[in-house]
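Chemist: Got a structure for you, written out below as structure tokens; questions coming shortly.
Protein chains: 2
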Amino acid sequence: MPVILDATQPDFEAQFTTLLGAKREDAADVDEIVAAIIDNVRQRGDDALIALTAKFDRLALTPDTLRFSDQEIAMHCAAVPSHERAALELAADRIRAYHEKQMPEDAFWEDASGARLGWRFTPVSAAGLYVPGGLASYPSSVLMNAIPAKVAGVNRLAVTCPTPDGTVNPLVILAAHLSGVDEIYRVGGAQAIAALAYGTASIAPVDKITGPGNAFVAAAKRRVFGRVGIDMIAGPSEILVIADGDNDPDWIALDMLSQAEHDESAQSILVTDSPAMARAVQVAIDRNLQTLERRAIAGASWRDYGAIITVPDLSTAAALSNRVAPEHLELCVADPMKLAEEITHAGAIFLGAWTPEAIGDYVGGPNHVLPTARSARFSSGLNVLDFLKRTTLAQMTPEALRQIGPAAETLAISESLEAHGLSVRARLNRLNEL
Amino acid sequence: MPVILDATQPDFEAQFTTLLGAKREDAADVDEIVAAIIDNVRQRGDDALIALTAKFDRLALTPDTLRFSDQEIAMHCAAVPSHERAALELAADRIRAYHEKQMPEDAFWEDASGARLGWRFTPVSAAGLYVPGGLASYPSSVLMNAIPAKVAGVNRLAVTCPTPDGTVNPLVILAAHLSGVDEIYRVGGAQAIAALAYGTASIAPVDKITGPGNAFVAAAKRRVFGRVGIDMIAGPSEILVIADGDNDPDWIALDMLSQAEHDESAQSILVTDSPAMARAVQVAIDRNLQTLERRAIAGASWRDYGAIITVPDLSTAAALSNRVAPEHLELCVADPMKLAEEITHAGAIFLGAWTPEAIGDYVGGPNHVLPTARSARFSSGLNVLDFLKRTTLAQMTPEALRQIGPAAETLAISESLEAHGLSVRARLNRLNEL
Chain A
944 MPVILDATQP DFEAQFTTLL GAKREDAADV DEIVAAIIDN VRQRGDDALI
994 ALTAKFDRLA LTPDTLRFSD QEIAMHCAAV PSHERAALEL AADRIRAYHE
1044 KQMPEDAFWE DASGARLGWR FTPVSAAGLY VPGGLASYPS SVLMNAIPAK
1094 VAGVNRLAVT CPTPDGTVNP LVILAAHLSG VDEIYRVGGA QAIAALAYGT
1144 ASIAPVDKIT GPGNAFVAAA KRRVFGRVGI DMIAGPSEIL VIADGDNDPD
1194 WIALDMLSQA EHDESAQSIL VTDSPAMARA VQVAIDRNLQ TLERRAIAGA
1244 SWRDYGAIIT VPDLSTAAAL SNRVAPEHLE LCVADPMKLA EEITHAGAIF
1294 LGAWTPEAIG DYVGGPNHVL PTARSARFSS GLNVLDFLKR TTLAQMTPEA
1344 LRQIGPAAET LAISESLEAH GLSVRARLNR LNEL
Chain U
944 MPVILDATQP DFEAQFTTLL GAKREDAADV DEIVAAIIDN VRQRGDDALI
994 ALTAKFDRLA LTPDTLRFSD QEIAMHCAAV PSHERAALEL AADRIRAYHE
1044 KQMPEDAFWE DASGARLGWR FTPVSAAGLY VPGGLASYPS SVLMNAIPAK
1094 VAGVNRLAVT CPTPDGTVNP LVILAAHLSG VDEIYRVGGA QAIAALAYGT
1144 ASIAPVDKIT GPGNAFVAAA KRRVFGRVGI DMIAGPSEIL VIADGDNDPD
1194 WIALDMLSQA EHDESAQSIL VTDSPAMARA VQVAIDRNLQ TLERRAIAGA
1244 SWRDYGAIIT VPDLSTAAAL SNRVAPEHLE LCVADPMKLA EEITHAGAIF
1294 LGAWTPEAIG DYVGGPNHVL PTARSARFSS GLNVLDFLKR TTLAQMTPEA
1344 LRQIGPAAET LAISESLEAH GLSVRARLNR LNEL
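Those sequence lines, one after another, are chains A and U. Here the working numbering is used: the first residue of the first sequence is 944, the next is one more, and so on. Here the working numbering is used: the first residue of the second sequence is 944, the next is one more, and so on.
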């Protein structure tokens, strides 16, 4: 049974704290296995990739077939039915347009001392995108990872995607093609991450790795972090819906189930100021669970982690939501933009009942790679800045150095860094000679 | 002896690759000790902090003296000589002015479908700043970490700084005070990181932890990553100077030594198109090493990791620098801004010979917390975005949903996520009824 709470009850705080602290995922300890796989790939390169792919994916590769050829890519793209291609193209166009708006500006200005200061953004040179195979092989995630990289200007974008028993999802190949991906390799698991981080004869190393994966992939990403950049380690996903009494309970129920159907560890929380809506959504969820294809998964998620919370007013709802810091937040209320101003922590906000979360998963434009497990308190969804770095710029004039150099010298001396001070003093002495 | 290379020699590529790959730091394996300390603090809270501080810092604390009182802070601030206070204030003002320019804009726009899209930036609620005690207790680093947090709007900023044997650096306290730090605790090591991440009776937990520290602190940050955000794990520091023949070799030598004096693992590299300058800088370094206070450290760094590379032209210098991706890059050339356009990876660029790197450490304005050990290939120096998160916004109208909803439904079905499709379909059906 999902948790049913009333924010006005005396035991609410204790129960809500329990809900917040619920551990929804036990990370399997695969660290030793992953370390061995990474060492194997570093030492044996392509040979290791081929052996591990034969073992885990039951697929015989050679150095020549590790990578999808242009002909294979064209063949798989052509296999996608036209209505699916059109949907992917619409999604890609909208995601690209949204992320293009995120491109930051360079800056360079002169301050009162005459010093010129600023910064320049430059893209990561090469990025790798991990795409899971099998059940969780989502073409939409290819778009969401690859398009921001290409918008940022990443020159070389490599995809690794396992093809167990040779099975290829043509939509994944088409999504990569539409996103401008440069290389696609049929390897997966920790071995793919190792290849991207360290390189092999067939796969050149990259500077940054993004994309979701299982426990092995996540452990491998943690392990190569520092040698390359990585995106966040994704945890179980969640949605919080704030709904007033003026909603179709069936819409709310389907939005909550669209989170629950992802994963038994997913979490769906409804917060409402209407006890009648709370009851109606619960009934609608139970009804939909009877027929949903993924009812085993969605039912387990709802039973173990679902929650319905009634609150006296919507500001209380916003405050509770901020404590959850949900990955996805729907504001199904009369004035969603006003309520959004009270939200301080959320990955993505869906404003109004005409904006189901599923729109954001596919075609809205914003990214669907979002901070999970309360990490929206301190991190953002994937965006173009993840594929850019800022180089700061500073240029002193002699006059600027005359004004601010002595303070630098003072601080260097106070920190017992003599050469720092001397490097400034040598210039100041020259100025005094001029 | 530092490495002396000539980019036109046939064995250059092999030697440069060796230089790039030199492992400058063996991270001590302190993971088990750190795990035990974190568990201890999680279970025993303040009692653990007090016991560990007695053990490591030889200092007897009580829950009442864990935190610096307002009176103690005022006393330490008053102890700072006025010329040092003035220098710190100048630095703080310049750092604040620079970082205020980094504040990103919120956005919200309507696209052709009528959908409204955008994002909002919100600050991290609470941040913790680790400040090392003892030798590497740098007030400038307090400014560089704390000011961007406060510019971003972080509401609560807590500093932890060990005070071995009760020794306090008044400049550190003043720097925290000038930066607007809200709380200062006299604890250090992995136990301080644990307290910031998990909280104790005396120290409320934070959402993000930044700041440098020793191997124990770094291991603790890695371990709490995910529960809280962290900044990068700092590695050994480096400078690369590109200098033409028209420079004072003593200035270049002092700039390189100001890197070398930080740490025996620091690296200083000169790249020049002038063989005469290469020789003159080498002589100037050797001469300055005879008298420098920290000559033992700087000499070891220069001997083990220093390098001088002669190149046929400055574009070759830029290309080599991009492969190093240095933390600090000085362009001591006639037209530094032009050469900067060829730089694709660097933490910070110092333009022209009047801009010694030490200016950037203290008073330039840009941050001195920069990506080390080649990580400028994929990451940026500390900046206000490290204390902000972006929440994406999407609002469909019925008409926008009519246009793009069917594509979302198609993709949901292709990914076998039925509830996702149904959540869109329920709204589309309503539209058809209207």
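Glycine is no exception: its CB is placed at the ideal position from the N, C-alpha and C atoms.
So the candidates are U:T1334, U:L1325 and U:T1340; which of them puts its Cα closest to the Cα of L1333 of chain A?
Modeler: Position 390 of the first sequence, counting from 1, holds the residue named residue 1333 of chain A. In the sequence under discussion, the amino acid at residue 1333 of chain A is Arg, which differs from the Leu named in the question. Looking at the Cα atoms, U:L1325 is the closest of the given residues.
Chemist: Secondary structure at H1271 of chain A, three-state DSSP: helix, strand or coil?
Modeler: Residue mapping note: residue 1271 of chain A aligns to position 328 of the first sequence, counting from 1. The answer is strand: DSSP assigns H1271 of chain A an E or B state.
Chemist: Quick check on Y1081 of chain A - is its C-beta less than 8 Å from some C-beta in chain U?
Modeler: The residue labelled residue 1081 of chain A in the question sits at position 138 within the first sequence. Yes, its Cβ sits closer than 8 Å to a Cβ of chain U.
Chemist: What whole-angstrom Cβ distance do L1272 of chain U and W1062 of chain U have, given they're in contact under 8 Å?
Modeler: The residue you call residue 1272 of chain U lines up with position 329 of the second sequence. The residue you call residue 1062 of chain U lines up with position 119 of the second sequence. Contact doesn't hold; Cβ gap of about 32 Å is too wide.
Chemist: With DSSP run on the structure shown, which of helix, strand or coil describes I1136 of chain U?
Modeler: On the second sequence, residue 1136 of chain U is found 193 positions in, with the first residue counted as 1. It is helical.
Chemist: Can you grab the Cα-Cα spacing for the pair G1123 of chain U / V1184 of chain U, in whole Å?
Modeler: As a first step, residue 1123 of chain U must be located in the second sequence, where it is residue number 180. As a first step, residue 1184 of chain U must be located in the second sequence, where it is residue number 241. Rounded to whole angstroms, G1123 of chain U to V1184 of chain U spans 35 Å at the Cα level.
Chemist: Would you say M1339 of chain A lies against chain U (beta-carbon separation less than 8 Å)?
Modeler: As a working note, residue 1339 of chain A is residue 396 in the first sequence. Answer yes: the Cβ-Cβ gap between M1339 of chain A and chain U drops below 8 Å somewhere.
Chemist: Determine the contact status of A1163 of chain A and Y1128 of chain A, defining contact as a CB-CB distance below 8 Å.
Modeler: To locate residue 1163 of chain A, count along the first sequence from 1; it is residue 220. To locate residue 1128 of chain A, count along the first sequence from 1; it is residue 185. Contact: no.
Chemist: In angstroms with no decimal places, state the Cα-to-Cα distance between V1214 of chain U and A1316 of chain U.
Modeler: If you number the second sequence from 1, residue 1214 of chain U lands on position 271. If you number the second sequence from 1, residue 1316 of chain U lands on position 373. Spanning the two alpha carbons is a distance of roughly 18 Å.
Chemist: Report all residues from its chain with a CB closer than 7 Å to the CB of G1284 of chain A; omit the five preceding and five following residues, and keep chain order.
Modeler: Position 341 of the first sequence, counting from 1, holds the residue named residue 1284 of chain A. Sequence inspection shows Glu at residue 1284 of chain A; the Gly mentioned does not correspond to that position. Closer than 7 Å at the Cβ level, and outside the excluded window around E1284 of chain A, lies no residue.
Chemist: Ignore the nearest five residues each way along the sequence and tell me which others in A1070 of chain U's own chain have a CB closer than 8 Å to its CB.
Modeler: On the second sequence, position 127 is the one that residue 1070 of chain U refers to. So the list reads A1092, V1097, R1099, L1100, A1101, V1149, D1150, K1151, I1152, T1153 and F1330, once near-sequence residues are dropped.
Chemist: Taking buried to mean at least 16 other C-beta atoms within 10 Å of its own C-beta, is P1255 of chain U buried or exposed?
Modeler: The sequence position of residue 1255 of chain U within the second sequence is 312, counting from 1. Per the 10 Å Cβ criterion, exposed.
Chemist: On a CA-only basis, which of A:E1048, A:I1195, A:N1157 and A:L1328 is nearest G1295 of chain A? Give me that one, please.
Modeler: As a first step, residue 1295 of chain A is located in the first sequence; it is residue number 352 there, counting from the start. Of A:E1048, A:I1195, A:N1157 and A:L1328, the residue nearest in Cα terms is A:I1195.
Chemist: Comparing the C-beta of I1185 of chain U with each C-beta of chain A, is any distance below 8 Å?
Modeler: Here residue 1185 of chain U refers to the residue found at position 242 when the second sequence is read from its first residue. Judged by the 8 Å Cβ criterion, I1185 of chain U is not in contact with chain A.
Chemist: Spatial neighbours of G1308 of chain A within its chain, please: C-beta separation below 7 Å, excluding the five flanking residues on both sides.
Modeler: Residue mapping note: residue 1308 of chain A aligns to position 365 of the first sequence, counting from 1. Answer for G1308 of chain A: R1037, I1038, A1040 and Y1041, listed in chain order.
Chemist: Mind listing which residues of the region 1138-1154 of chain A have their C-beta closer than 7 Å to chain U's C-betas, in chain order?
Modeler: Those residues of the region 1138-1154 of chain A that come within reach of chain U (Cβ to Cβ, closer than 7 Å) are D1150 and K1151.
Chemist: When you compare the CB of Y1305 of chain A with every CB in chain U, is at least one pair closer than 8 Å?
Modeler: For this step, residue 1305 of chain A is matched to residue 362 along the first sequence. Judged by the 8 Å Cβ criterion, Y1305 of chain A is in contact with chain U.
Chemist: From L1282 of chain U to A1261 of chain U, what does the alpha carbon distance come to, in whole angstroms?
Modeler: Counted from its first residue, the second sequence places residue 1282 of chain U at position 339. Counted from its first residue, the second sequence places residue 1261 of chain U at position 318. Distance between the alpha carbons of L1282 of chain U and A1261 of chain U: 7 Å.
Chemist: Do the region 1241-1251 of chain U and the region 1208-1226 of chain U touch if we need at least three Cβ pairs shorter than 8 Å?
Modeler: Result yes; three or more Cβ-Cβ pairs closer than 8 Å.
Chemist: Is there a Cβ from chain U that is less than 8 Å from the Cβ of E1053 of chain A?
Modeler: Start at 1 with the first residue of the first sequence, and residue 1053 of chain A comes out as number 110. No - not a single Cβ of chain U is within 8 Å of the one on E1053 of chain A.
Chemist: Can you find the residues in the same chain that come closer than 8 Å, C-beta to C-beta, to A1050 of chain A, ignoring five residues on each side of it along the sequence?
Modeler: Here residue 1050 of chain A corresponds to residue number 107 of the first sequence, with the count starting at 1. Taken in chain order, the residues that qualify are G1061 and W1062.
Chemist: In angstroms, rounded to a whole number, what distance separates the CA positions of T1298 of chain A and L1139 of chain U?
Modeler: What you label residue 1298 of chain A is simply residue 355 of the first sequence in a count that begins at 1. What you label residue 1139 of chain U is simply residue 196 of the second sequence in a count that begins at 1. Cα-Cα distance, rounded: 38 Å.
Chemist: Please name the residue in A:V1130, A:V1276 and A:G1142 whose C-alpha comes closest to that of K998 of chain A.
Modeler: As a first step, residue 998 of chain A must be located in the first sequence, where it is residue number 55. It is A:V1130.
Chemist: Got a sec: which bits of the region 1276-1288 of chain U sit with their beta carbon under 9 Å from any beta carbon on chain A, in order along the chain?
Modeler: Those would be P1279, M1280, A1283, E1284, I1286, T1287 and H1288, in chain order.
Chemist: In this structure, does DSSP put Y1041 of chain U in helix, strand or coil?
Modeler: Taking the second sequence and counting its residues from 1, the one referred to as residue 1041 of chain U is at position 98. Three-state DSSP puts Y1041 of chain U in a helix.
Chemist: Based on Cα-Cα distance, which residue from A:L1033, A:A1058 and A:D1193 lies nearest to H1363 of chain U?
Modeler: For this step, residue 1363 of chain U is matched to residue 420 along the second sequence. The candidate whose alpha carbon is nearest that of H1363 of chain U is A:D1193.
Chemist: Would T1315 of chain U count as contacting chain A if we go by Cβ distances under 8 Å?
Modeler: For the purposes of this step, residue 1315 of chain U is taken as the residue at position 372 of the second sequence. Closer than 8 Å: no.
Chemist: Is G1249 of chain A helix, strand or coil by DSSP?
Modeler: To locate residue 1249 of chain A, count along the first sequence from 1; it is residue 306. Coil.
Chemist: For F959 of chain U and L1263 of chain U, which I take to be in contact (beta-carbon distance under 8 Å), what is that distance rounded to the nearest angstrom?
Modeler: On the second sequence, position 16 is the one that residue 959 of chain U refers to. On the second sequence, position 320 is the one that residue 1263 of chain U refers to. That pair is a contact at about 7 Å.
Chemist: So D1198 of chain U contacts chain A; which residues on that side make the cut at Cβ distance below 8 Å?
Modeler: Residue 1198 of chain U sits at position 255 when you count from the first residue of the second sequence. Here the neighbours are S1366.
Chemist: Would you kindly report the start and end of the unbroken beta strand (DSSP E) that includes Y1128 of chain U?
Modeler: As a working mapping, residue 1128 of chain U is identified with position 185 in the second sequence. Taken as a continuous stretch (DSSP letters only), the beta strand (DSSP E) holding Y1128 of chain U covers E1126 to Y1128.
Chemist: For A1241 of chain U, decide whether its Cβ has a neighbour in chain A, counting only Cβ atoms nearer than 8 Å.
Modeler: Translated into the one-based positions of the second sequence, residue 1241 of chain U becomes position 298. Yes, A1241 of chain U lies at the interface with chain A (some Cβ there is under 8 Å from its Cβ).
Chemist: On the three-state DSSP scale, how would you describe I1286 of chain U?
Modeler: Position 343 of the second sequence, counting from 1, holds the residue named residue 1286 of chain U. I1286 of chain U falls in the coil class under three-state DSSP.
Chemist: Would the beta-carbon of T1340 of chain U fall within 8 Å of that of A1058 of chain U?
Modeler: For the purposes of this step, residue 1340 of chain U is taken as residue 397 along the second sequence, with counting starting at 1. For the purposes of this step, residue 1058 of chain U is taken as residue 115 along the second sequence, with counting starting at 1. Yes, the Cβ-Cβ distance between T1340 of chain U and A1058 of chain U is below 8 Å.
Chemist: Any beta carbon of chain A sitting closer than 8 Å to that of G1132 of chain U?
Modeler: Taking the first residue of the second sequence as position 1, residue 1132 of chain U is located at position 189. Taking Cβ atoms only, chain A never reaches closer than 8 Å to G1132 of chain U, which makes this a no.
Chemist: Please list, in chain order, the residues of the region 1161-1178 of chain A that have any C-beta partner in chain U closer than 7 Å.
Modeler: So the close ones are G1169, V1171, G1172 and I1176.
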